[in-house]
Amino acid sequence: MQKVLIQTKKLSKSFSNGGNLFHVLKNIDLEIYQGDFTVIMGPSGAGKSTLLYAISGMDTPSLGSICYGDIDITKLNQNELALFRRDNSGFVFQSIYLIDSMSVLDNVLASGLLKNKNKKEAVKKAKETLLAVDIKEEYFNKFPNQLSGGECQRVGIARALVNSPSVVFADEPTGALNSKTGKDVLDTLTEANRLGQTIVMVTHDITSARRANRILYIKDGEIAGECILGPYIPHDSERHQKLNDFLLEMGW
């Protein structure tokens, strides 16, 4: 039986705009399991990224609970939440947010030093993590503007992985990349998951979604359906058809 890593109950998020209240997330009950590659899909405005940011601790819900084990992160103050995110969450964004004035190694090391104050150990871990995402040593002292988009995103993944987080959250990580570099990034995430890393990813791209073993479809702020695909197998036509049929059923 899989271990539940994150559990939400009655998770809700509302915004007020011009005196009108908009309910973006509506009483979502959800479980994220350790070792899964979960993808969240749905139409534009459905609440995909809002859900991702809430369960990662990057945003605060209006109502409901988000529990990592016995820790309800909605009850943490801002300092406690920042420390919790540092120790438990890694983030990969569509906009990569590397610091242009810092080398590749220093971009990853800056995150590593937030948790590991031993610089020698932190440097070793940063280098190992970069190599693990196929960034070769000759790139360590280069700057982000000397790298391709796909290489920059793999550095972003290394930054997300360097502190060995419980979960890596990815928000449209291939959205700004061409198909070749996007595939390289997906391969990197898939390999991390194969090695045991739990991943939760928002995407609108069916090619990206195929990497997941579990798809959640969100519509109008609610989870409308779930599809269990099982472990990723390249070129598995039966698996791909199952996803296609599910998305058609959901009105994709």
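Numbering (the numbering used here), first residue to last: 30 to 281.
Using N, Cα and C, we set each Cβ at its ideal position, and we do this for glycine too.
Taking all protein chains shown into account, do 16 or more other C-beta atoms lie within 10 angstroms of the C-beta of residue i, making it buried, or fewer, making it exposed?
i, result
"E167", "exposed"
"Y97", "buried"
"Y246", "buried"
"Q175", "exposed"
"N49", "exposed"
"A155", "buried"
Where does the unbroken alpha helix (DSSP H) through residue i begin, and where does it stop?
i, result
"L190", "178–190"
"V133", "133–144"
"T103", "Unbroken run through T103: none, as it is neither H nor E."
Whole angstroms is fine: what's the gap from residue i's alpha carbon to residue j's?
i, j, result
"P90", "E60", "16 Å"
"K55", "L81", "14 Å"
"G74", "H52", "11 Å"
"E109", "F169", "32 Å"
"T203", "K104", "33 Å"
Measuring alpha carbon to alpha carbon, tell me which residue in the options is nearest residue i.
i, options, result
"Q88", "G98, A161, N106", "A small fix is needed here, since residue 88 is Asp in this sequence, not Gln. It is N106."
"D25", "L143, V33, F169", "Here the chain covers residues 30 to 281 and nothing more, so residue 25 does not appear."
"Q63", "H233, F275, L224", "L224"
"G282", "T103, V152, D274, H264", "The structure shown does not extend to residue 282, since the chain spans only 30 to 281, so no value can be given for it."
"I186", "G250, S140, S43, P263", "S140"
"K171", "M279, M131, A161", "M131"
"L142", "P173, R188, T37, I95", "R188"
"T67", "G250, I35, I95, S41", "I35"
"L258", "L276, E251, G47, G250", "L276"
"V133", "V184, E157, Y126", "V184"
Can you tell me the Cβ-Cβ gap for residue i and residue j, rounded? I've got them flagged as a contact below 8 Å.
i, j, result
"I228", "A221", "7 Å"
"A205", "G178", "7 Å"
Counting along the chain, where does the beta strand (DSSP E) carrying residue i start and finish?
i, result
"Q36", "33–46"
"L50", "49–62"
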